[in-house]
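Here our numbering is used: position 227 in the sequence shown is 256, and no number is missing along the way.
Down below is the structure, laid out as structure tokens.
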Amino acid sequence: MNEHVLVAKHFESSIDVGRYTLTEEYDYSCIPLCVIDSVFSIGIRYTNVINIVGRVCKKMNITKAYNKEMQSSATTSWFIEQIEGKTPEELADSLFESRHRTSPNNGILKADATVRFMRVLKQFGVEHLEDVHKVGDSAAFERAIKAIPGQTSGICLKYFLMLAGDNELIKPDRMIIRFLESALNRPVNLNEAVTLVRQACDELKKKYDFMTPKILDNLIWQYQRSL
30 MNEHVLVAKH FESSIDVGRY TLTEEYDYSC IPLCVIDSVF SIGIRYTNVI
80 NIVGRVCKKM NITKAYNKEM QSSATTSWFI EQIEGKTPEE LADSLFESRH
130 RTSPNNGILK ADATVRFMRV LKQFGVEHLE DVHKVGDSAA FERAIKAIPG
180 QTSGICLKYF LMLAGDNELI KPDRMIIRFL ESALNRPVNL NEAVTLVRQA
230 CDELKKKYDF MTPKILDNLI WQYQRSL
């Protein structure tokens, strides 16, 4: 039996698809919140990320949830203007209240990485969620993001694009890897993870027509988080 079929069968035997709803991070109102979540979520407990996003929303008076009737005023440029002149250390302490770093070995503050990410977005004209299509297939944008210390793997970039609305991407983090390894009873690397989830999604779509790579990723993530 093909491995992606084994993954699909493991998914169906483990997860109740009928109770599915996207988690709240897929309903952010603006680009800055998508960036904050994608940068801070790598390598730390997601409850910490929820708290960080909540603090930023409260301190900067940002509405968290998306409203299709009203475009958020919290653009990329607006956010950068609000924090202009503050050092990464000041932002880590006063705004994010988190000194997490992109890597335990000489990584930069995630507060710093967040601002650098937003400056790249501004450079490429991404101010609102509706602007993300400008960079989805841009090699220059991808290079600019991966040049930020701690972003070379591209996982954070993929997750940002998912949060901002791309249904075809997955975030091959440790939750996804664990699920795949459980399904296949062998080690799975990052590149394999992306291929296996995409292929399993195609298999599951024969039965669940709403299935997308992003939805499958999120369902697996929710399941693994509950264990």
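Idealized CB from N, CA, C, for every residue including glycine.
Terminal residues of the alpha helix (DSSP H) in which residue i lies
i    : result
Q152 : K139 to Q152
D231 : L219 to K234
Q180 : Note, Q180: premise wrong, no alpha helix (DSSP H); not H, not E.
F239 : F239 -> no alpha helix (DSSP H), and no H or E assigned at all.
K87  : Y75 to M89
C59  : Premise fails: C59 is in no alpha helix (DSSP H) and is neither H nor E.
P207 : With the sequence shown as reference, residue 207 is identified as Arg, and Pro is not the correct amino acid for it. Unbroken alpha helix (DSSP H) run through R207: R203 to L213.
T104 : Run containing T104: none; DSSP gives neither H nor E here.
V34  : E32 to S43
L120 : P117 to S123
Exposure label - residue i; buried when at least 16 CB within 10 Å
i    : result
R172 : exposed
E54  : buried
L225 : buried
T152 : Sequence inspection shows Gln at residue 152; the Thr mentioned does not correspond to that position. Flag for Q152 reads exposed.
P117 : buried
V34  : exposed
L219 : exposed
A222 : buried
P201 : buried
T104 : buried
F239 : exposed
L192 : buried
A212 : buried
L233 : buried
S42  : exposed
S102 : exposed
CA nearest to the CA of residue i, picked from the options
i    : options                  : result
K38  : I244, F208 and W250      : F208
L138 : V155, I174 and E119      : E119
E159 : Y95, I79 and G136        : Y95
D141 : V164, E113 and H162      : E113
V78  : T143, L256, A229 and N90 : T143
T181 : V85, G136, V217 and N80  : G136
D81  : N214, E126 and I184      : Looking at the sequence itself, residue 81 is Ile, so the reference to Asp does not match. The option with the nearest alpha carbon to I81 is E126.
Chain-order list of residues whose beta-carbon lies under 6 Å from that of residue i (same chain, five-residue window excluded)
i    : result
I44  : L248 and Y252
A229 : H33, V36 and A37
Close-in-space but distant-in-sequence residues of the same chain around residue i (CB under 8 Å, 5 per side omitted)
i    : result
M204 : I249, W250, Q253 and R254
K88  : L124
D122 : R128
G83  : K93
Same chain, Cβ closer than 7 Å to residue i, five either side skipped, listed in chain order
i    : result
F108 : P61 and M147
V257 : Not covered by the structure: residue 257. The range shown for the chain is 30 to 256.
I206 : V217 and A222
Are at least three pairs of beta-carbons, each pair with one atom in the segment 57 to 69 and one in the segment 183 to 201, less than 8 Å apart? yes
Meets three-Cβ-pair contact criterion under 8 Å: the segment 73 to 92 and the segment 140 to 150: no
Taking 8 Å as the cut-off, does the segment 236 to 254 touch the segment 194 to 209 (at least 3 CB pairs, one atom from each stretch)? yes
Flag this pair as touching only if the segment 122 to 139 and the segment 177 to 186 have three or more C-beta atom pairs under 8 Å; answer yes or no. yes
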